[in-house]
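**Student:**
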Amino acid sequence: MNKIRVLFPYVEAGLGHIMPMKSIDDSFRKKYGEKVEIVSSKFYTETNNPHLIRYEQMLARQVRLYNGHPVIGHFATFCCEFFGTFLSSYNTLCFVFPFAYHAGKKHMQELHPDVIFSTHWATNYYAHHIQKKPFTVMYCPDAQLNKLFEYHSDLNMISMPKGYEKALKKRKYTKDNMKMVPFLIRNEAFSISADKKELRKSLGLPENNFTILLAEGGYGIGKMKAICELLIREHFPLTIIPVCGKNEKLFQYFQSLKPTKEITFLPQHFAKNILELEASSDLFCGKSGNIIAEPTFFGVPSIITNCSTLIEKNIADHYVNTVGCAFKEFSPQKTVDAIKQFANDPTLLKPYQEAAKAYHDQFGSEYAADLLWEAIKKQFPEIES
3 MNKIRVLFPY
13 VEAGLGHIMP
23 MKSIDDSFRK
33 KYGEKVEIVS
43 SKFYTETNNP
53 HLIRYEQMLA
63 RQVRLYNGHP
73 VIGHFATFCC
83 EFFGTFLSSY
93 NTLCFVFPFA
103 YHAGKKHMQE
113 LHPDVIFSTH
123 WATNYYAHHI
133 QKKPFTVMYC
143 PDAQLNKLFE
153 YHSDLNMISM
163 PKGYEKALKK
173 RKYTKDNMKM
183 VPFLIRNEAF
193 SISADKKELR
203 KSLGLPENNF
213 TILLAEGGYG
223 IGKMKAICEL
233 LIREHFPLTI
243 IPVCGKNEKL
253 FQYFQSLKPT
263 KEITFLPQHF
273 AKNILELEAS
283 SDLFCGKSGN
293 IIAEPTFFGV
303 PSIITNCSTL
313 IEKNIADHYV
323 NTVGCAFKEF
333 SPQKTVDAIK
343 QFANDPTLLK
353 PYQEAAKAYH
363 DQFGSEYAAD
373 LLWEAIKKQF
383 PEIES
């Protein structure tokens with residue numbers, strides 16, 4: 003008997019879809035890789051099809067556009083909610099980009115999946131429109147399901163309590179087809195030391211400075227530039243680490259800045275050691291999104307400086323209201339004032355730190371991997387024979 007073929011397709015539309023996919027892919031492969039055939043797919047780029055490449059580039063451009071112009075982002079997500087699941091899905095994938103849609107369907111067919119685990123709505127949609135429909139599992143990395151994530155899937159997973167409770171109020175979801183799982187944080191996070199001084203020493207950072215990590219997702223577009231311009235003028239010991247991601251222009255600009263002698267200013271490109279930098283920090287500062295999960299995992303509070311879409315607003319509300327480890331401040335000057343207050347009296351951060359630490363067990367992909375395996379066994383009983 004041929005092994006059941008399990009597909010993990012990666013889609014870049016911001017890195018918030020890739021990180022949870024890598025996590026579940028690694029965990030499932032480690033535990034069940036010998037029992038099934040696992041295919042990890044860079045779905046939009048691996049065939050070099052120009053229509054697919056351009057479509058993924060469009061998805062990434064949309065994220066950058068929304069980050070730079072939140073009014074557009076909120077309008078786009080409002081339209082999605084207004085038109086509903088089927089019209090929004092059809093318009094986003096079929097009507098506006100028909101060549102990419104047909105190429106995506108064709109490639110999904112070529113991959114011959116028996117099971118597909120999606121962290122992005124597009125691959126789930128393709129899976130439902132090929133000749134031999136696979137068993138579909140969709141993980142929503144956001145705080146609540148948006149309409150595109152409400153397109154049918156055989157099994158659904160979400161990590162945030164309000165989103166789970168809201169989903170169960172809809173007729174299409176039950177406790178059988180909608181599961182709440184810990185957030186699919188990168189597995190490498192579990193091996194990072196919790197000792198900040200040890201981490202700072204290994205990273206070459208000042209051990210006793212109040213340390214702020216700033217990030218705006220993978221594209222470095224938001225309030226970080228304005229905040230850093232203000233912070234580097236201060237005259238007390240701070241370590242400021244802005245992570246620019248793929249924004250080369252911003253990185254080069256930060257390289258040209260001259261901070262005061264008291265400030266340690268260390269701009270980063272796309273930092274491979276981002277987890278160590280997060281764990282070594284006293285405070286995270288940046289736009290709302292799934293990146294907030296990692297500092298929270300390490301017990302690091304967050305200042306949320308931007309919400310570019312309704313999706314990001316819901317994520318921010320989760321960390322502000324449900325977890326209690328963050329607060330919103332959209333003014334760069336007021337953000338800097340808050341940072342100065344915390345640096346002068348770090349005990350002010352303690353309630354946020356305690357809230358983050360209390361949420362620590364709500365991270366990790368092993369439980370989701372086990373749920374996926376149980377669903378596969380139920381769908382394909384021959385797998386155990």
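Just so we're aligned, residue 3 is where the sequence shown starts under our numbering, counting upward by one. Even glycine gets a Cβ: it sits at the ideal position worked out from N, Cα and C.
Return the first residue and the last residue of the alpha helix (DSSP H) that residue 170 is part of.
**Tutor:** 163-170
**Student:** Which residues mark the beginning and the end of the alpha helix (DSSP H) in which residue 359 is found?
**Tutor:** 352-360
**Student:** What does DSSP give as the partner residues of residue 141 in its beta bridges?
**Tutor:** Partner residues in the beta bridge of residue 141, as assigned by DSSP, are 159.
**Student:** Going by C-alpha to C-alpha distance, which of 217, 256, 264, 260 sits closest to residue 237?
**Tutor:** 264
**Student:** If you follow the alpha helix (DSSP H) that residue 132 is part of, which residue opens it and which one closes it?
**Tutor:** Premise fails: residue 132 is in no alpha helix (DSSP H) and is neither H nor E.
**Student:** What three-state label does DSSP hand residue 188 in the structure shown?
**Tutor:** If DSSP states are grouped into helix, strand and coil, residue 188 belongs with coil.
**Student:** To which residues of the same chain is residue 44 closer than 7 Å at the C-beta, ignoring the five residues directly before and after it?
**Tutor:** For residue 44, same chain residues with a beta-carbon under 7 Å away, outside a window of 5 residues either side, are 12 in chain order.
**Student:** Using DSSP with H/G/I as helix, E/B as strand and the rest coil, what is residue 230?
**Tutor:** Of the three classes helix, strand and coil, the one that applies to residue 230 here is helix, per DSSP.
**Student:** Do the stretch 232-251 and the stretch 214-221 touch if we need at least three Cβ pairs shorter than 8 Å?
**Tutor:** yes
**Student:** So what does DSSP say about residue 42, is it helix, strand or coil?
**Tutor:** strand
**Student:** Between which two residues does the beta strand (DSSP E) holding residue 120 run?
**Tutor:** 117-120
**Student:** Can you list, in chain order, the residues of its chain with a C-beta nearer than 7 Å to that of residue 114? Leave out the 5 residues immediately preceding and following it.
**Tutor:** Correct list, in chain order: 7.
**Student:** Alpha carbon to alpha carbon, how far is residue 72 from residue 35?
**Tutor:** Each residue's alpha carbon lies about 42 Å from the other.
**Student:** The alpha helix (DSSP H) with residue 310 in it runs from where to where?
**Tutor:** Note, residue 310: premise wrong, no alpha helix (DSSP H); not H, not E.
**Student:** For residue 205, collect the residues of the same chain with a Cβ closer than 8 Å to its Cβ; drop the 5 residues on either side in sequence, then sort them by chain order.
**Tutor:** 275, 278, 279, 282
**Student:** Please classify residue 23 as buried or exposed, where buried requires at least 16 other C-beta atoms within 10 Å of its C-beta.
**Tutor:** When all chains shown are included, residue 23 counts as buried.
**Student:** Between which two residues does the alpha helix (DSSP H) holding residue 252 run?
**Tutor:** Segment 250-258, the alpha helix (DSSP H) holding residue 252.
**Student:** Looking at residue 188 and residue 60, is the spacing between their C-beta atoms short of 8 Å?
**Tutor:** no
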